[in-house]
Amino acid sequence: NVHMAGLLHEEIYPLNFDLDDVIAKVKRMNVNEMNTLPVLTDLLGDYPNTYTFTKSITEHMLLENRGSVPLAIVRPSIIGAAVEEPVPGWVDTVSAAGAPILAAGLGVLQYIKGRPEGILDIIPVDHVVSTILACIPDVVCQDKLKIYASSSSSTHPTTIYDIERACVDFFNSNPSSHAFGPFSFKVIDSPQIYEVAFFCHYSIPAAFLNTIAAFGSDRQKRLAKSYERLVSRARSISQRFRHFTENSWLFDCSNSIHLRHQLSDEEQKMFEMDINVVDWFSYHQVFAYGLLRYVMKEDLVEIPIKRVEKFVPLHRSYYKNQNRVKLINRLAPDLDWSYQTHLLHPQRPVSRPIKQMHESLFSTEAVQTAIAKAAKDEDVSRPSVETRVRAMIVRLVGEVDHNVLIGFGWILKKIFKAIYESIHVNTRGIDAIKKYVSVNPIVLLPTHRSYVDFLVCSFVCFAFQLPIPYIAAGEDFLGIVGVRWLFRKSGAFFIRRSFADDPLYQSVFDAYIALLLGDQQCIEFFVEGTRSRSGKMLHPKLGLLRSVTDVFFENKVDDIQFIPLTINYEKTLEGNIYGNELLGDSKIKESLKSLLGSASVLTASFGRIVVKICDPISLKDYSQSYIPRAIIEANLDGKTADPKDFDPHTNLELRAKINQSLANEVVYQLSMNTECMPTHLVATFLLMYRQGITEEHLVERVDWLRKQLLSRGAPVSFMEGYRRDIIVSSAIKYLRGYIIERRKHLYEPAISARHEYANMLILSHYRNKIVPWFFREGLWACALYSFGEEIERGVSHEALLKEVKFLYSLLEHEFIFKREDTELPGDMSNCLSRMIADGVLIQHRDRIEVAPKGEFFFSFLCAMFWPFIDSYFVTALTLFALQPNNTVIESKLTKRAQWLGTTLYAEGRLSFFEACSMDTLKNAVDTLETFQVIKRFRAPGSHEKSAQLLPPYQDEDQLQQFVSHIGKFRKPAPVRPTSSRRNLIADIPILAKL
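Residue numbering for the sequence shown follows UniProt numbering, starting at 1 and increasing by one per position.
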């Protein structure tokens with residue numbers, strides 16, 4: 001019925017011609033006569049093509065001839081690729097919307113005439129099939145005709161512009177191997193502009209080629225003819241679909257919607273008919289993927305069945321309301337986007353003006369009590385303390401000024417457009433925040449890998465109409481003129497790095513947090529405390545978390561929703577400096593000068609970002625669920641456990657345990673929801689093959705690792721639906737500064753000169769994102785490796801498990817575990833069983849060895865964890881300088897360990913320069929204290945902790961035995977178990993300088 005206009009109902013409309021006459025006329029014609037343009041035009045009348053014409057005729061013929069037979073007619077609109085079944089993107093022919101999409105992807109079609117805001121009623125083929133199957137029981141026993149429209153226009157429409165922007169994003173990052181030329185695609189509304197564009201980009205080049213070919217070779221003539229055919233094809237496709245790109249229709253789906261509601265929940269999952277669950281941007285990309293994979297037979301990574309995520313359009317502005325004045329949209333699209341997005345924000349919790357917040361905070365009972373106590377304790381006048389407090393408040397407090405946010409949103413969009421391709425956000429997380437925003441105060445807990453993190457978080461909240469968070473920022477930013485005003489007006493509040501020794505400041509800060517949460521505001525802070533330069537999750541800091549949870553435990557709010565979220569980058573903005581910072585260089589201080597100096601990044605490309613919002617954690621529910629565990633622990637410790645005593649609102653010790661458990665849970669959730677990206681996988685193999693790896697081999701290895709990660713439940717981004725070679729070449733582009741192409745398509749880390757060693761630490765920053773997914777298997781592999789030649793005969797399970805337990809304890813500070821994961825024996829046994837089932841290891845009776853087909857995976861696991869073991873080995877080696885009872889400041893101990901590691905690497909006695917990472921060396925010191933090898937203490941009058949050896953490790957032989965135990969797990973084994981300290985120094989002369 002597309003020859004009609006307006007809303008089309010689920011009914012058979014009368015024909016505007018005599019059906020019998022048309023059928024009789026067609027029967028009298030031969031095929032050649034029928035296909036002539038005048039005859040065809042006369043036959044079709046108002047219909048745009050034979051497809052719609054014959055469908056309409058068929059419906060009337062069925063109506064006239066059905067008799068008393070029940071009849072269901074499923075009336076799909078424009079059928080597109082499958083969204084889920086049989087597989088995402090499945091399509092077996094080029095027709096309807098698939099033709100212009102594929103033509104654009106192949107570089108044939110660059111322009112199409114149409115209205116960008118016009119609705120294009122596409123329906124996935126599996127939704128059509130579900131409707132066909134589900135409607136049968138609805139009519140089978142009834143003498144009736146019922147029509148079911150299977151369409152999207154009236155319930156969840158998509159526009160031609162949706163398709164344009166999805167195709168631009170997909171084909172630019174994933175060009176077809178069959179493409180005739182570079183991808184470019186644009187929908188043009190104006191007929192005049194369309195003709196000019198077509199003339200300039202098609203007709204002129206065709207005329208030029210024909211002119212050259214007239215005097216040229218046969219090859220040039222063939223090229224000119226080919227280009228003529230391409231021009232003709234582009235014009236034909238544009239004309240053929242013009243009726244559908246210049247007009248829009250709405251199809252009533254009442255019968256289909258009613259049919260879906262008649263199904264049970266289980267049946268609705270089985271027969272997916274709800275078009276509202278489809279994210280159009282992702283679907284159009286899946287459609288393009290299906291055309292390349294199933295029609296053009298290109299080797300693309302398969303897309304698993306899953307719901308896809310929303311996308312923040314960074315490159316162009318897009319509005320659901322297309323009827324507004326577009327002048328400002330054309331002149332300043334980003335500013336217009338920011339203003340329109342601001343208008344779409346729902347009713348927000350009322351934010352107090354900053355002056356009012358100053359007075360409210362100053363007047364709180366907690367602050368007034370703290371002022372009185374400070375005046376008494378310090379023996380000073382109350383007014384002098386009040387002056388200090390007011391200065392603290394002015395320095396601390398931020399506000400959310402929604403007028404400033406319009407400008408801030410515009411600035412961020414400009415910046416992010418310049419340096420990032422796109423930002424992807426999961427819809428489930430967005431919906432979760434919207435669900436709780438009016439119920440409980442929300443605390444956002446992002447990962448911290450870059451200074452950009454909090455900007456990305458605020459931008460996502462702004463773009464998706466989520467509450468703008470109040471962000472805990474360091475006072476360092478107060479030194480940046482102009483930026484501090486913008487940040488403060490956009491929700492940032494500025495806190496000291498440490499204030500545990502200032503109870504007055506602590507009271508002011510706690511009262512401020514209580515006011516924000518009491519006002520139902522959203523708060524954001526980094527539970528890791530600082531940026532992770534190494535790429536691993538850092539252990540949680542509890543200071544800010546305690547201030548937040550106290551608000552609940554002191555009954556000032558009914559509940560608090562903690563929402564962890566991971567911010568994942570293909571290329572980290574500050575990645576270039578992380579290598580040197582991990583080698584001990586001072587952090588660059590935030591200032592206007594450093595800000596201006598970093599402006600050059602605006603000309604660089606840092607790829608894509610994925611923001612994954614995790615499931616909310618209710619503090620009320622979490623604390624209640626922890627209480628039974630605390631009671632059991634008390635009983636196991638032989639204490640009398642009265643349930644009345646286990647109330648975190650009054651029991652401060654229990655409250656502290658809940659805070660620690662909650663922090664661990666948050667960090668674990670962040671670790672498990674960190675996205676694995678192509679740069680992470682490519683960096684892993686560049687560090688494994690340091691002498692070079694070909695691009696072809698790299699493609700194979702990356703695809704293997706992708707499958708391994710998916711089999712472990714790891715989230716993987718920007719690989720599904722992409723060509724395997726494009727995945728690798730894109731990652732190489734972003735890692736270009738840290739690797740070299742030794743020969744054509746042969747890549748290796750750029751580490752020839754000593755000043756380039758930091759590149760290994762930068763590459764490990766990316767690799768470390770995937771290490772936790774192989775932690776348990778890595779323990780078994782490294783433990784088995786430690787037995788040397790004995791591996792050939794097999795190692796007893798008992799002996800091997802003993803070494804696994806030692807390694808587990810040694811590396812426990814490197815990775816974050818849920819509480820349940822600390823039950824080691826069962827967890828490790830399950831891992832061993834999996835490795836045997838996967839063919840990595842073989843077990844003959846009680847002896848375990850490497851399976852022949854598992855040798856690569858075994859080597860991969862060892863290579864992943866050897867750098868960490870080297871760090872612990874070097875740190876333990878440094879302890880010889882403390883014998884028998886010397887004392888050293890802890891910071892000097894880690895610097896000595898780093899110096900020793902760097903020197904050993906330069907001498908060829910250390911295989912992995914990543915072992916010199918300051919982050920890992922500090923973790924090693926923590927482990928040495930846990931092992932009771934050293935003790936750390938703060939001497940009277942000192943602000944720094946010192947370290948000292950504990951018995952029995954003050955004895956040289958005992959320490960040597962401990963160092964040798966760690967050394968046996970390393971790739972090389974320079975330290976022999978029987979070495980004395982004298983022989984050790986002979987082996988490693990640099991130790992004498994310690």
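Ideal placement from N, C-alpha and C gives every residue a C-beta, glycine not left out.
Residue range 608-613 is occupied by the beta strand (DSSP E) that includes V610, with no alpha helix (DSSP H) assigned at that position. For L444, the uninterrupted beta strand (DSSP E) run begins and ends at 442-446, by DSSP. Sequence-distant partners of A197 (beyond 5 residues in either direction) whose C-beta falls short of 7 Å from its own C-beta, in its chain, are Y111, I188.
Judged by their CB atoms, V804 and L779 are nearer to each other than the 7 Å cut-off.
Burial state of D162 is buried, judged by a 10 Å Cβ sphere holding 16 or more other Cβ atoms. Counted as a single uninterrupted DSSP element, the stretch harbouring P191 is not any beta strand (DSSP E) but the alpha helix (DSSP H) occupying residues 191-198. Judged by their CB atoms, F526 and Y757 are not nearer to each other than the 7 Å cut-off. Excluding sequence positions up to five before and after K144, its CB lies within less than 7 Å of the CB of P70, all in the same chain and listed in chain order. Look at R496 here: in three-state DSSP terms it is coil, with no helix or strand label. Distances from the alpha-carbon of Y294 to those of L102, D519, R240, V508 put L102 closest.
Distance from the CA of E907 to the CA of D870, rounded to the nearest whole angstrom, comes to 15 Å.
Inclusion of L542 and A463 in the CB contact set at 7 Å is not warranted, their separation being larger than that value. According to DSSP, S618 shares a beta bridge with Q561. Cβ atoms of Y420 and G607 come within 8 Å of each other, at about 7 Å. Beta-bridge partners assigned by DSSP to E741: Y747. For secondary structure counted as the beta strand (DSSP E) over 3 or more consecutive residues, the stretch 193-276 holds no complete run. For E849, no alpha helix (DSSP H) run applies; the uninterrupted beta strand (DSSP E) run containing it begins and ends at 847-850, by DSSP. In the structure shown, the three-state DSSP call for V795 is strand.
Per DSSP, the beta bridge partners of V400 are S490. The beta carbon of T364 is closer than 6 Å to those of A511 in its chain, skipping five residues each way along the sequence. One alpha carbon belongs to V925, the other to I480, and they sit about 35 Å apart. Between S151 and Q262, the alpha-carbon positions lie close to 18 Å from each other. Remark: C-beta atoms of K571 and Y734 approach each other more closely than 7 Å. Per DSSP, F180 is not a residue of any alpha helix (DSSP H), being assigned neither H nor E. The Cβ-Cβ distance between L861 and W773 does not fall below 7 Å. Judged by their CB atoms, V425 and F562 are not nearer to each other than the 7 Å cut-off.
Residue pairing by DSSP leaves K355 without any beta bridge partner.
Around the beta-carbon of M29, fewer than 16 other beta-carbon atoms lie within 10 Å, marking it exposed.
For T650, there are no CB contacts under 6 Å within the same chain when 5 residues up- and downstream are skipped. Runs of the alpha helix (DSSP H) lying entirely within the stretch 860-891, each at least 4 residues long, are absent. In the displayed model, K556 falls within coil according to three-state DSSP, outside both helix and strand. Buried is the label assigned to F241, since at least 16 other Cβ atoms lie within 10 Å of its Cβ.
Taken in chain order, the complete alpha helix (DSSP H) segments of 4 residues or longer contained in the stretch 684-729 are 695-711.
For D919, the closest C-alpha among the options E581, K802, L619, M835 is that of E581. Residue environment: I523 is assigned as buried (16 or more neighbouring CB atoms within 10 Å of its CB, all protein chains considered). The residue among N247, K744, S203 with its C-alpha nearest the C-alpha of K113 is N247.
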